[in-house]
Amino acid sequence: MQHLVLLFAIFAGIFCSSSPICISPNDILVNNKCWSVHTTSSSHKDAVTTCAQNIGTLVTVKNAADNQAIMRLLGSTIRHLWLGLYCFQSDISQCQWDDASGSASDYNNFAPSFPYTDVGRCVYYATDGALAGQWISDDCDDDMRSFICETPTTIQDSCDHNFNGYCYYLSTSLNYGVDYNFEQAQETCESISGNLVSIHSPNELRYVKSLYRTKNTPSIYIGALTVSGKYHSWTDGSSWTFDNFDTTSQQSGNCMMMSLQSNGSLTQDAWYPSDCQATRSFVCKRQAGLPWRGPTTPPTTVTPNPSNPSYCNSLLVAPSQVTSPGYPGNYTNNLNCAFQLATLGSYRIRLTFNSFNTESCCDKVTVYDGDDSQGSLLVDN
């Protein structure tokens, strides 16, 4: 009988551990997402910043169930609510979710004649009147609205740092030396049934960064390997779906590190190749809700890094690269190129020229801060 009780307890524990939970006591579990309601009206920029500080985004609505859940949750207590959706053009396919999951093409509930970016590019949700439950694009800067922050659910685990179904361990919290080379760091992570951290989204990048908010750590190893800067893989075998390389860097090496501070040659949050024998701090990552097992070395998948075309007269969402048509060859005479550069959520754009060689008599580069050439002039060269 004692053995049966023990087996039942283990089974129940494993079953319960697979149920999604929200870490913050202020969050509400809705459709397998964690929502935190902020009734105080804020500008779109301030709302985005608040959510980013909580390792989340403004609420995303990917289906009718999500759309109805907002109405049930808020009723008529709030008239308008910012959504985590930004429209670059008056075309639903050009409306991008802040969580970098793509456009609103698969599902939207815009009111008739919207989105209409001449009015505004930010999107809000109406909760009352004839437009209740529908979305409207409006001005980003002048209007104040309530908002919901959205973070991913996770799995119950006793670890201190639990996010999106994974546990994260700082090297300083483990019973090992603080600074290890890449191989030693990976072996340490394997000893706790994990791997060096892989990062698959802007939110996960923010989360890893937040673990060092009160620490003076210049850089950490992440679980990425690179070959000639063209082929990349994660030590945990996961797919290569996101990166944050500093494309201006001249550093070399096969093991990747993430800078936690900015200085003359490094940018905070950016990833750089490194000598694998260099020693530094690191972060381990393992799946939450599972018992620890012995070290494993899963197979890795190497994903080629495709070459970048010119993108002349295109809209690009950072991070990305642009070149003159035909680069490194010459471009044709009387050619005009416009590149519209954009970013999602609370990120800013850093524009760096790696190579700049034009005919001083005839060619120039002009940079504006805004949606078109009516914006503030930044560069006229």
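Here the sequence shown stands for residues -18 to -1, 1 to 363, where the numbers follow mature numbering (1 follows the signal peptide of the UniProt record, and there is no 0). For every residue, glycine included, the Cβ atom is placed at its ideal position computed from N, Cα and C.
For residue i, does the three-state DSSP call read helix, strand or coil?
i	result
Y350	strand
S306	coil
K197	coil
S18	strand
I181	coil
F96	coil
H214	strand
P277	Caution is warranted here: a pLDDT of 40 is assigned to P277, below 50, making its placement in the model unreliable, and the coordinate value is therefore given only provisionally. Note: P277 maps to coil in three-state DSSP.
A82	coil
K27	helix
P286	Legend: pLDDT at P286 = 40, less than 50; position of this residue unreliable, value from coordinates given subsequently. P286: strand per DSSP, three-state reduction.
R61	coil
Of the residues the options, which one's Cα is nearest the Cα of residue i?
i	options	result
N8	E172, N14 and V19	V19
L207	N185, G57, K197 and P255	P255
L67	G57, T59, A51 and V43	V43
D125	T136, P273 and V101	V101
Q166	N49, I204 and T59	I204
S234	V41, T217 and V209	V209
S153	S119, V190, S85 and G246	V190
N45	W216, D88, F321 and L55	D88
G271	G147, N13 and T32	G147
M239	T223, T199, S221 and Q269	T199
S306	S215, H62, T340 and R330	T340
R54	D362, Q322 and A114	A114
Q35	N185, F129 and F335	N185
S244	R268, S201 and F92	S201
R188	I331, Q269, T39 and H62	T39
R195	S358, S23, Q356 and I37	I37
Hey, how far is the Cα of residue i from the Cα of residue j?
i	j	result
C104	C69	6 Å
S72	G176	45 Å
L333	S140	43 Å
A29	Q259	43 Å
S(-2)	S25	Note that S(-2) scores 47 on pLDDT, short of 50, meaning its location in the model is unreliable; the coordinates nonetheless yield the value given after this. Roughly 38 Å between the two C-alpha positions.
Q116	T109	8 Å
I3	T135	5 Å
D123	Y98	16 Å
Q50	T133	19 Å
I5	P94	38 Å
C16	D142	19 Å
G276	S220	Note that G276 scores 40 on pLDDT, short of 50, meaning its location in the model is unreliable and no value can be drawn from it.
Taking 8 Å as the cut-off, decide whether the C-beta atoms of residue i and residue j are in contact.
i	j	result
W79	Y106	no
L156	T170	yes
V349	L360	yes
F264	Y150	no
residue 394	C237	No answer is possible for residue 394: it lies beyond the span of the chain, which begins at -18 and ends at 363.
D48	N90	no
Q250	S241	yes
F96	I60	no
T32	C131	yes
W216	S180	yes
S23	R127	yes
So, under 8 Å CB-CB, residue i and residue j are touching, yes? Tell me the CB distance rounded to an integer number of Å.
i	j	result
W253	D228	7 Å
S183	A82	6 Å
Taking 7 Å as the line, does the beta carbon of residue i fall inside it for any heavy atom of the ligand COA?
i	result
Q35	Annotation note on the ligand COA: not contained in the displayed structure, which lists no ligands.
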